[in-house]
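Reviewing the structure listed below.
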Amino acid sequence: MKILVVGSGGREHALAWKLAQSERVQMVYVAPGNGGTARDPRLVNVDITDPAALADFVVAEHIALTLVGPEGPLAAGIVNLFRARGLKIFGPTREAAQLESSKDFAKAFMQRHGIPTAKYQTFSDAAQAHAYIDANGAPIVIKADGLAAGKGVVVAMSLEEAHGAVDHMLSDNAFGDAGARIVIEEFLAGEEASFIVMCDGKHILPMATSQDHKRLKDHDEGPNTGGMGAYSPAPIVTPAMHARVMREIINPTVQGMAKDGIVFTGFLYAGLMIDSEGNPRTLEFNCRMGDPETQPIMARLKSDYLTVLEHACNGTLDAVELEWDRRTAVGVVMAASGYPDSPRKGDLIDGIPAETPECVTFHAGTSVVGGNLQTNGGRVLCVVGLGDSVKMAQKQAYEGVEKIRFDGAQFRRDIGWRGIK
Ligand code: AMP
Ligand code: GLY
2 MKILVVGSGG REHALAWKLA QSERVQMVYV APGNGGTARD PRLVNVDITD
52 PAALADFVVA EHIALTLVGP EGPLAAGIVN LFRARGLKIF GPTREAAQLE
102 SSKDFAKAFM QRHGIPTAKY QTFSDAAQAH AYIDANGAPI VIKADGLAAG
152 KGVVVAMSLE EAHGAVDHML SDNAFGDAGA RIVIEEFLAG EEASFIVMCD
202 GKHILPMATS QDHKRLKDHD EGPNTGGMGA YSPAPIVTPA MHARVMREII
252 NPTVQGMAKD GIVFTGFLYA GLMIDSEGNP RTLEFNCRMG DPETQPIMAR
302 LKSDYLTVLE HACNGTLDAV ELEWDRRTAV GVVMAASGYP DSPRKGDLID
352 GIPAETPECV TFHAGTSVVG GNLQTNGGRV LCVVGLGDSV KMAQKQAYEG
402 VEKIRFDGAQ FRRDIGWRGI K
């Protein structure tokens, strides 16, 4: 069977790597892929990004199933387009993807359906936004309504910073249309967790839990990034917390969408903030897997993922029980010089260790140029270590990281720290 994975990041490398392990998979295409998927003999890069051209490719190559990694093509309606042409694809429709592509949509949805989240208001008028900030005080959180590649959120610790964010988004038009409306919401304190499930329109299948590390530097300092590392499972999501999140957030979300006339298929990712009393609230929804969460999650998945995806496309996820490696997986992102503001491209990468049962390296911003592997984006690699404890998994991951060299490499030395207590 031939499979297509859409995207080019570490998430897509991990998904394609996992799918290629399935005995029934003959070939995994990755569009457009990266240097790692180019080098893996079981994967083939396809230099197409236009959804209609991808559908033509799927038809021509008799590809059985397509899996979409990033939010861009989902928000643009790739699932609608593939389905209209009778092609099997796993992901949300354009309408369902609004849970991620519009913060205002997601907040109004949560309010309407009683799903716990921060109190908020939406603005397109700067004067009204400034007045709301003055009335509510800091800390306060300002979010561009639309997709902004992870850069559209400002957690303002001071009034000055909050007013500045409003000016930046509404007056300076920093995010174009994506920032023409902004959501201003209450600051929530606590510990974050990534809660990701698969939905087939009727049934919900939870993936393993995980925790991302959004800040660039150790001890959660420095600017926000797309994610500098993740580990799975996340101990904060105890079995009781898991049940509560399913009951209060995930089930009401899928049912609420259905009530609103939108069948949710695809990955549903609730970014949670769990307060000191153990109450989970939703910070945001994504309608895709997380990056880098996917890398440790896929490293722990023992079940055949093709079978899971077939059930997901056929509406029979209730027949699936996922089997997980009992070990912890810690994924450390190595980012390029200048990330996140202006990542440098073209640095030669050397020393990536061969895969072992304890360590695997997924590529993101890499490319092969003239036979050499070089950096080609902000987050370059994610080195995943597996071990019987967070500490042991960390040791495996960092042994891998130490072997890899490229100029200006940035990585955190504390990925998984919240899991060591
Ligand atoms: P988002 O893209 O909405 O997940 O926001 C990015 C990051 O900003 C989150 O992972 C949190 O660390 C932080 N954040 C977002 N919303 C809030 C909030 N209401 N209170 C505190 N931190 C937040
Ligand atoms: N790692 C956070 C995200 O994928 O949105």
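Here the working numbering = 1-based position in the sequence shown + 1. For every residue, glycine included, the Cβ atom is placed at its ideal position computed from N, Cα and C.
So, residue i versus residue j, is the Cβ gap smaller than 7 Å?
| i | j | result |
| --- | --- | --- |
| phenylalanine 176 | glycine 153 | yes |
| threonine 283 | isoleucine 250 | yes |
| valine 381 | threonine 362 | no |
| alanine 330 | leucine 387 | yes |
| asparagine 127 | serine 172 | This sequence places alanine at residue 127; asparagine is not what is there. Closer than 7 Å, so yes. |
| serine 233 | proline 297 | yes |
| alanine 241 | serine 211 | no |
| serine 195 | leucine 148 | no |
| valine 31 | isoleucine 4 | no |
| valine 385 | alanine 300 | yes |
| valine 402 | valine 333 | yes |
| leucine 75 | cysteine 314 | no |
| isoleucine 275 | isoleucine 237 | yes |
| lysine 303 | glutamate 322 | no |
| glutamine 99 | phenylalanine 106 | yes |
| aspartate 305 | serine 23 | yes |
DSSP three-state call for residue i: helix, strand or coil?
| i | result |
| --- | --- |
| glutamate 400 | helix |
| methionine 158 | coil |
| proline 224 | strand |
| leucine 20 | helix |
| alanine 76 | helix |
| lysine 392 | helix |
| arginine 380 | strand |
| glutamate 186 | strand |
| alanine 15 | helix |
| phenylalanine 363 | strand |
| arginine 25 | coil |
| valine 59 | helix |
| glycine 10 | coil |
| proline 33 | strand |
| glycine 352 | coil |
| valine 47 | coil |
| glycine 386 | strand |
| arginine 406 | strand |
For residue i, is the beta carbon positioned less than 6 Å from some heavy atom of the ligand GLY?
| i | result |
| --- | --- |
| glycine 11 | no |
| aspartate 423 | For the chain, the structure presents residues 2 to 422; residue 423 sits outside this window and is missing. |
| glycine 153 | no |
| glycine 223 | no |
| asparagine 46 | no |
| asparagine 287 | yes |
| glycine 332 | no |
| glycine 228 | yes |
| aspartate 292 | yes |
| aspartate 146 | no |
| aspartate 213 | yes |
Is residue i near the ligand AMP, with its Cβ less than 6 Å from a heavy atom?
| i | result |
| --- | --- |
| phenylalanine 91 | no |
| phenylalanine 188 | yes |
| valine 142 | yes |
| glycine 257 | no |
| alanine 119 | yes |
| lysine 218 | no |
| lysine 108 | no |
| glycine 272 | yes |
| leucine 284 | yes |
| valine 156 | yes |
Taking 6 Å as the cut-off, does the CB of residue i come closer than this to any heavy atom belonging to the ligand GTP?
| i | result |
| --- | --- |
| asparagine 252 | This structure lacks the ligand GTP; its bound ligands are the ligand AMP and the ligand GLY. |
### Query
In the segment 270-349, which residue ranges form an unbroken alpha helix (DSSP H) of at least 4 residues, counting only runs that do not cross its ends?
If one requires a minimum length of 4 residues, the alpha helix (DSSP H) runs lying completely within the segment 270-349 are 295-301 and 306-315, in chain order.
### Task
Kindly confirm or deny that the segment 74-86 and the segment 113-120 touch, where touching means at least three C-beta pairs closer than 8 Å.
Judged by Cβ distances under 8 Å, the segment 74-86 makes no contact with the segment 113-120, as fewer than three pairs qualify.
### Task
Specify whether the segment 185-201 and the segment 118-133 touch according to this definition: at least 3 beta carbon pairs, one from each stretch, less than 8 Å apart.
They touch, by the three-pair rule.
### Message
For the structure I just gave you, are there three or more beta carbon pairs, one from the segment 339-349 and one from the segment 9-29, closer than 8 Å?
### Response
Per the Cβ contact rule, the segment 339-349 is not in contact with the segment 9-29 (fewer than 3 Cβ pairs under 8 Å).
### Query
Per the contact definition of three or more C-beta pairs closer than 8 Å, is the segment 254-266 in contact with the segment 201-211?
Under the three-pair Cβ rule at 8 Å, the segment 201-211 counts as touching the segment 254-266.
#### Entry: Every unbroken beta strand (DSSP E) inside the segment 81-157 [3 residues or more]
Every beta strand (DSSP E) of 3 residues or more that sits fully in the segment 81-157 is shown, in chain order, as 121-124, 141-145 and 154-157.
### Residue ranges of each beta strand (DSSP E) within the segment 190-266, 3 or longer
Listed in chain order, the beta strand (DSSP E) elements of length 3 or more contained wholly in the segment 190-266 are 192-201, 205-207, 216-218, 222-225 and 230-233.
### Query
How do the segment 309-318 and the segment 29-43 stand: do at least 3 beta-carbon pairs fall below 8 Å, yes or no?
Output reads no: the segment 29-43 does not touch the segment 309-318.
#### Entry: Given 8 Å, three or more beta-carbon pairs between the segment 51-60 and the segment 344-361
The way I'd put it, the segment 51-60 doesn't touch the segment 344-361; fewer than three beta-carbon pairs between them come closer than 8 Å.
### Task
Mind the definition here: the segment 243-257 touches the segment 275-289 only if three or more C-beta pairs lie below 8 Å; say whether that holds.
Segments in contact, yes.
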